[in-house]
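Here's the structure we're looking at; comments come further down.
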Amino acid sequence: MADGVFIAKSIKNIVKHKLAFGEKDSKFSEVFVSYVSDIALEVEAINSKKMQNDIQSINEHIDRISRALLGIVDARLALGKKSQDMQN
Numbered sequence: 094m095a096d097g098v099f100i101a102k103s104i105k106n107i108v109k110h111k112l113a114f115g116e117k118d119s120k121f122s123e124v125f126v127s128y129v130s131d132i133a134l135e136v137e138a139i140n141s142k143k144m145q146n147d148i149q150s151i152n153e154h155i156d157r158i159s160r161a162l163l164g165i166v167d168a169r170l171a172l173g174k175k176s177q178d179m180q181n
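Quick note: the sequence shown uses the working numbering, first residue 94, plus one each step.
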C-alpha cells in the first residue's frame, strides 16, 4: 500500500473511531479490528522492504505500527471510561 494511501486511511479510521466511539453503537471490537488490519498491512510492507534493506522505510512502518497500537490503547481507555460513566 502506498504510504500516502495508508496515512489517509489511518487518519480516516482515527477520526471515524474517535467520533463514533462515544455512540452506543460503536464497539471496541470494530476499532480493534481496524487497527489490527492497519498493523497487518504495515508488517507486510516491512517484510517487502526488509528484502530491499530499506531501513528508513522500515522505521517509518514501525512508527505507523506504534501509532496503531496507541490507537488501540486509546480506544480501550475510552471504553473503560465509557463503562465507568455508565455505572455512575
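The beta carbon of each residue, even a glycine, is placed where N, CA and C say it ideally should be.
Alpha carbon to alpha carbon, what distance is there between Leu170 and Met94? Taking the sequence shown and counting its residues from 1, one reaches residue 94 at position 1. Taking the sequence shown and counting its residues from 1, one reaches residue 170 at position 77. For Met94, the predicted model reports a pLDDT of 44, less than 50, meaning its position is unreliable; a value from the coordinates is still stated below. Spanning the two alpha carbons is a distance of roughly 29 angstroms.
Tell me the residue span of the alpha helix (DSSP H) that contains Asp147. On the sequence shown, position 54 is the one that residue 147 refers to. That residue, Asp147, is in no alpha helix (DSSP H); it is neither H nor E in DSSP.
Just tell me which of Asn146, Leu163, Ile158 and Ile151 has its CA closest to the CA of Ala133. One-based indexing of the sequence shown puts residue 133 at position 40. Considering only alpha carbons, the answer is Ile158.
Cβ pair Ile165, Ile151 closer than 8 angstroms: On the sequence shown, residue 165 is found 72 positions in, with the first residue counted as 1. On the sequence shown, residue 151 is found 58 positions in, with the first residue counted as 1. No, Cβ-Cβ distance for Ile165 and Ile151 is not below 8 angstroms.
Counted within 10 angstroms of its Cβ, other Cβ atoms place Ser127 as buried (16 or more) or exposed: Taking the first residue of the sequence shown as position 1, residue 127 is located at position 34. Label assigned to Ser127: buried.
Straight-line gap, Arg160 to Asp178 (C-alpha atoms, nearest Å): By one-based count along the sequence shown, residue 160 stands at place 67. By one-based count along the sequence shown, residue 178 stands at place 85. Within the model, the alpha-carbon separation for Arg160 versus Asp178 is close to 26 angstroms.
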